[in-house]
Amino acid sequence: MQKVFKLSFPAFLLIILIGLGSCNKDEVETVPLGSVNINMYELSPYYNHEFGLQVSTDLDTYPVYYEIRSNAKVEGTTITINLLDIEKISYSGATIPDGALSTYVPVGVLSGVEYDITINVADRINTGKLKINSSFYTLTFDNTDGLTVNHDTLRRVPDYALWGYIAYADSTDEVLAQTFLDTLAAIGTLPLNVAPGYYFYFEYGQDSVYTQPLNPSYAYATEFFLSYAQSVTDIENIVNTYFNDPAYKKLHITIYWFYPGATKSAIIKPRSFDEMTQIHQRFE
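Using numbering that gives the first Met the number 0, the first residue of the sequence shown is number 0, and each one after it goes up by one.
The structure is reproduced here in structure tokens:
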């Protein structure tokens with residue numbers, strides 16, 4: 000089991016490969032890119048709500064350390080995203096499973112309200128519209144070729160949203176998870192109030208039920224979706240308490256916080272890398 004600690008990532012996909020050999024980047028070998036599916040995302044207020052796409056291959060038989068090569072450019076109200084091909088990367092000294100490939104393509108901070116967008120999947124051209132307002136993004140195409148948009152509307156996570164989950168292997172540890180939630184309640188957190196929809200990090204259904212990706216390594220999880228607009232110090236103190244107290248070492252605690260001040264938004268991760276494909280920020 001692991002304790003909780005702070006882990007920083009630079010707002011891109013990070014893949015941690017431990018114990019693997021190196022490859023020669025001077026010799027790039029590629030394979031063609033097949034069809035892909037995409038999700039829109041928006042980073043925290045610290046990163047000025049930077050917009051981007053999560054891109055995944057439909058085919059799930061690639062060695063998972065292969066990489067989708069891509070680039071993006073914004074010129075005025077025109078966005079061009081090129082999904083080029085797949086780079087074959089050779090590693091030695093480890094057995095790597097096959098699966099779908101996924102990458103994050105940062106587009107940038109978008110200040111306009113409507114953009115012409117082109118997403119080139121290899122040589123397949125997809126043209127559409129991206130519309131933005133204070134509450135959500137919408138992405139529409141008349142036709143697509145090699146491209147599936149999983150959600151045509153991305154709702155924007157509101158400032159001060161604080162959410163996550165406490166995972167544990169034994170049902171008797173639920174009391175420890177509840178203690179953590181009681182600690183959050185004691186500093187004045189409130190229930191999160193958002194409109195139904197897809198927020199990338201989580202979804203909120205018409206049935207008033209939240210869902211989010213959970214760590215599959217644990218049998219149980221206690222989730223929370225809150226709002227907190229007060230003290231950064233209080234949140235840091237809670238994190239430090241649960242990190243240092245050995246009584247809570249059995250808990251896997253994940254917290255996201257979209258704090259709009261000068262402090263970065265937060266994610267607190269346990270001492271493991273079982274969830275390697277997420278966008279992370281940290282306290283400064």
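All C-beta atoms, glycine included, are put in the ideal place defined by N, C-alpha and C. Predicted model, so just to flag it, every value in this text is computed and none were measured.
According to the DSSP secondary-structure assignment, residue 81 is paired through a beta bridge with 70 and 119. In the structure shown, residue 195 falls within a coil segment according to DSSP collapsed to helix, strand and coil. The beta-bridge partner set that DSSP reports for residue 55 consists of 36 and 101. Residue 120 and residue 53 have their C-alpha atoms some 14 Å from each other. In the three-state reduction of the DSSP assignment, residue 110 falls in the coil class, being assigned neither a helical nor a strand state. The C-alpha of residue 97 is placed about 10 Å away from the C-alpha of residue 65. Under the DSSP definition of a beta bridge, residue 135 partners with 154. Inside the region 173-251, DSSP marks whole beta strand (DSSP E) runs of 3 or more residues at positions 219-226, from first to last along the chain. Proximity to residue 26 across 83, 67, 69 and 88 peaks at 88, based on C-alpha coordinates.
With fewer than 16 other Cβ atoms inside 10 Å of its own Cβ, residue 124 counts as exposed. Classified as buried, residue 35 has 16 or more neighbouring CB atoms from the shown chains inside 10 Å of its CB. Taking C-alpha positions only, residue 249 is separated from residue 214 by approximately 14 Å. By the Cβ test, the region 166-176 is not in contact with the region 68-83, since fewer than three Cβ pairs between them sit closer than 8 Å.
Taking a C-beta distance under 8 Å as the contact criterion, residue 106 and residue 140 do not qualify as a contact pair.
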